[in-house]
Amino acid sequence: MGYCADVIIIGGGIIGNSTAYYLAKKGCSVIVLEKSDALGNGGSSRNGGGVRQSGRDKRELPLAMYGVKHLWPALSEELGMDVEYYQQGNLRLGKSENHLKILAGLTERAVALGLDVKMIDKTEAKAINPYLSDEVGGASWCPTDGHANPLLATLAYYRKARELGVRFISGAEVTGIKKVKGQARQVVTTEDVYEGERIILAAGYESRDIAASVGIDVPMTKALLEVLVTEAQPAMFYQMLGTAAADFYGHQSSHGSFVFGGTSGLEDVNKDNGTPVTNSITAPCICRGIMNYFPCLAEAKIVRTWAGWIDVCADHVPVISQVEEVPGLILACAFSGHGFGIAPVVGTLLAQMAVGEAPALDVSDFRYDRFKAKL
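Heads up, the sequence shown is in the numbering used here, so the first residue is 661 and it goes up one at a time.
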């Protein structure tokens, strides 16, 4: 049996859900196909929740800044659900001269693009967060950065999109896209065929194989990241945290638990047969990093850990693009672990692109063919 809609979205994460919502607001009929039995079962439920502008590639920064200025502050109200958005700044911490050099470079490039971010010394960092260890030598500080709850934000978009008539189909494994008269028109799953005027491919790493069905390749790999949650702690601080060395990232949630993410660099030794599972290496590695910066958390108990794949682009910048060779297809993938914080603005842009409107921001830096050799 076939199903038709104005737009078919492949991928039920926060990018797919936000796009579905903004399309439905425009009056489009939308079907979202998700391979898993649970929506948001990829990177959307396996990240640290950062809504940050600092530390981003200069191509991504305008998207992050637009989202923080125009979308995130009113998102809970708009979606009718608290997404636990906190805008209390972002400390990116450094312990060595090399760390501070890395942070200074990121800060300088961001300031040149108009972001309110600066380098601060050890004393200033401790004034913002008195729980920091004496090992911290300085930090970059962006007061307009923040964090939100990834699970709740994904769920809020899903619920609101459903209210507006979007049809979500889970357990729908996409095997390929088919063209009709030269245009992407059909999405084929193991069970059905879905047809739409536009097809938006937002399926994380699996987007690569699906795009290959119409001869398009996005150079990306997948990497396993792990997230851990502590038992509830007294209210301590609500800045978003990161480090120059990428030891960990995370924040304290509204109910007291700390949510931290990171990697050990040894995930490939975990023989998981492709299943994103936690292992005995990564969590202790993340915890050691945390304790170096926040000794006060040394006794905090870990309640649970979980792992997930991120789709890492060759240049660590996402692909958000129409496809000239395949009219009707729009790519939204390879977010490289940076997708959550820019999801509202990306959803907005994709919806505009799908209905033929000029996107609110220039997306030319995210073209799918930027990797081709220049003649």
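Note that the Cβ used here is the ideal one computed from N, Cα and C, for glycine as well.
It should be emphasised that the depicted structure is a prediction, and the values quoted were computed from it without experimental measurement.
| Asked | Found |
| --- | --- |
| Extent of the continuous beta strand (DSSP E) to which Tyr1028 belongs | Careful: Tyr1028 lies outside any beta strand (DSSP E) and carries neither H nor E. |
| Beta strand (DSSP E) runs contained entirely in the segment 970-1004, provided each spans 3 or more residues | 979-982, 989-993 |
| As assigned by DSSP and simplified to three states, the class of Gln713 | coil |
| Rounded Cβ spacing between Gln1012 and Pro1004 (contact assumed at less than 8 Å) | No, Gln1012 and Pro1004 are not in contact; Cβ-Cβ is about 13 Å, not under 8 Å. |
| Through-space distance from Leu861 to Glu984, alpha-carbon basis | 15 Å |
| Completely contained alpha helix (DSSP H) runs for the segment 689-762, where each covers 4 or more residues | 721-730, 735-739 |
| DSSP three-state assignment for Ser678, whether helix, strand or coil | helix |
| Reference Ala698; option with closest CA among Asn707, Leu721, Gly673 | Gly673 |
| Given 8 Å, three or more beta-carbon pairs between the segment 850-865 and the segment 948-967 | no |
| Cβ-Cβ distance between His807 and Val878 below 8 Å | no |
| Status (buried if at least 16 other CB within 10 Å, exposed otherwise) for Ser1024 | exposed |
| Reduced DSSP secondary structure (H/G/I, E/B, other) of Gln912 | strand |
| Those residues which DSSP pairs with Gly902 across a bridge | Arg752 |
| Cβ pair Ala816, Met896 closer than 8 Å | no |
| Environment of Val963 [buried if 16+ CB atoms lie within 10 Å] | exposed |
| Own chain residues within Cβ distance below 6 Å of Leu775, not counting five before or after | Gln713 |
| Continuous beta strand (DSSP E) stretch holding Met951: start and end | Here Met951 belongs to no beta strand (DSSP E); instead the alpha helix (DSSP H) covers 942-953. |
| Buried versus exposed, by CB contacts within 10 Å (16 or more), Lys641 | Here the chain covers residues 661 to 1035 and nothing more, so residue 641 does not appear. |
| Beta-carbon proximity of Gly1007 to Tyr681, cut-off 8 Å | yes |
| Rounded distance between the beta-carbons of Ala684 and Ala821, thought under 8 Å | 6 Å |
| DSSP three-state assignment for Gly798, whether helix, strand or coil | strand |
| One or two residues paired with Gly921 in a DSSP bridge | Val887, Tyr909 |
| Residue burial classification, Ser940 (beta-carbon count within 10 angstroms, cutoff 16) | exposed |
| Asp869 - containing beta strand (DSSP E), residue span | It is not in any beta strand (DSSP E) - Asp869 instead sits in the alpha helix (DSSP H) that spans 867-872. |
| For Asn701, the nearest candidate out of Ser689, Ala724, Ile675, Leu735 (CA to CA) | Ile675 |
| Distance CB(Ser867)-CB(Cys993) smaller than 8 Å | yes |
| Under 8 Å between C-beta atoms of Val972 and Glu720 | no |
| Rounded Cβ spacing between Gly910 and Gly708 (contact assumed at less than 8 Å) | 5 Å |
| Buried/exposed call for Gln899, threshold 16 Cβ in 10 Å | buried |
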